[in-house]
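Below is one structure, written out as structure tokens, with a few remarks after it.
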Amino acid sequence: MGSEKFWEKPLESLSKDQWEKLCDRCGRCCLKRVVDESSVHYTTRVVCKYYDEDKSRCSEYAKRSKLVPDCLDVSSMDITRAKWMPSTCAYRLRAEGRPLLDWHPLISGSRGEMERLNIGINGRVINEDFVHPDGYEEHIVTWVD
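Here it is, written out as structure tokens:
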């Protein structure tokens, strides 16, 4: 079974398929962020219009970078510099040499524990189509670290 635990390998050795499977589909990277005058970044509960809560994923995943130029493409960034990513993010954990958390679907076998712990964004967000960008700061949240 050890060879099946691809999530324990270094990120740079993962295949494209393994890389995609590493994502727990929490949606936290789809949340809009605001930056204050001191360059401090804050996460809001405003989610990208392409995030599909029913499927816990981007509805336009293959075209996301064209549709949303500032969309995070984790596969093409220097993951070791992405300290703004949630501490629960599998990419951040593995980049830091840490194991996935017990609730991660690859460890637990399902999304059940993740949902029980309220890790994902579903049910707590508002689509960006309903919030003017000048109003994002009214939706700053603290449940994402």
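For what it's worth, this note's numbering labels the leading residue of the sequence shown as 2, then goes sequentially. Ideal Cβ positions, reconstructed from N, Cα and C, are used throughout, including at glycine.
Considering only the beta carbon of each residue, do C148 and I122 sit closer than 8 angstroms?
Given that the chain is displayed from residue 2 to residue 146, the structure contains no residue 148 and the question cannot be resolved.
Closest by C-alpha distance to V142, when choosing among D74, E21, R46, L15
Along the sequence shown, one-based indexing puts residue 142 at 141. It is R46 whose Cα lies nearest to the Cα of V142.
Where DSSP assigns a beta bridge to N128, which residues make up the other side?
Start at 1 with the first residue of the sequence shown, and residue 128 comes out as number 127. Answer by DSSP bridge pairing, in chain order: V48.
Going by DSSP, what residue range makes up the alpha helix (DSSP H) through R34?
On the sequence shown, residue 34 is found 33 positions in, with the first residue counted as 1. Looking at the DSSP string, R34 is not in any alpha helix (DSSP H); the run it does join, the beta strand (DSSP E), is 32-36.
Compute the Euclidean distance between the alpha carbons of W20 and V132, then round it to the nearest angstrom.
Numbered from 1 along the sequence shown, position 19 holds the residue referred to as residue 20. Numbered from 1 along the sequence shown, position 131 holds the residue referred to as residue 132. Near 32 angstroms, if we compare the C-alpha coordinates of V132 and W20.
Flag F7 as yes when its Cβ comes closer than 7 angstroms to any non-hydrogen atom of the ligand GDP, and as no otherwise.
You won't find the ligand GDP in this model; it holds no ligand whatsoever.
Of the residues D103, K84, C30, N119, the one placed nearest V41, counting alpha carbons only
Mapped onto the sequence shown, residue 41 falls at position 40. If we check each option's Cα against that of V41, K84 comes out closest.
Determine the DSSP secondary structure at I141, reduced to helix, strand or coil.
As a position in the sequence shown, residue 141 is number 140, starting the count at 1. Residue state, collapsed to three classes: strand.
Contacting residues, own chain, Cβ-Cβ under 7 angstroms from R112 (five flanking each side not counted):
For the purposes of this step, residue 112 is identified with residue 111 of the sequence shown, where counting begins at 1. Taken in chain order, the residues that qualify are P106.
For N58, name the three-state secondary structure that DSSP assigns.
For the purposes of this step, residue 58 is taken as residue 57 along the sequence shown, with counting starting at 1. Per the sequence shown, residue 58 should be read as Arg rather than Asn. Three-state result, R58: strand.
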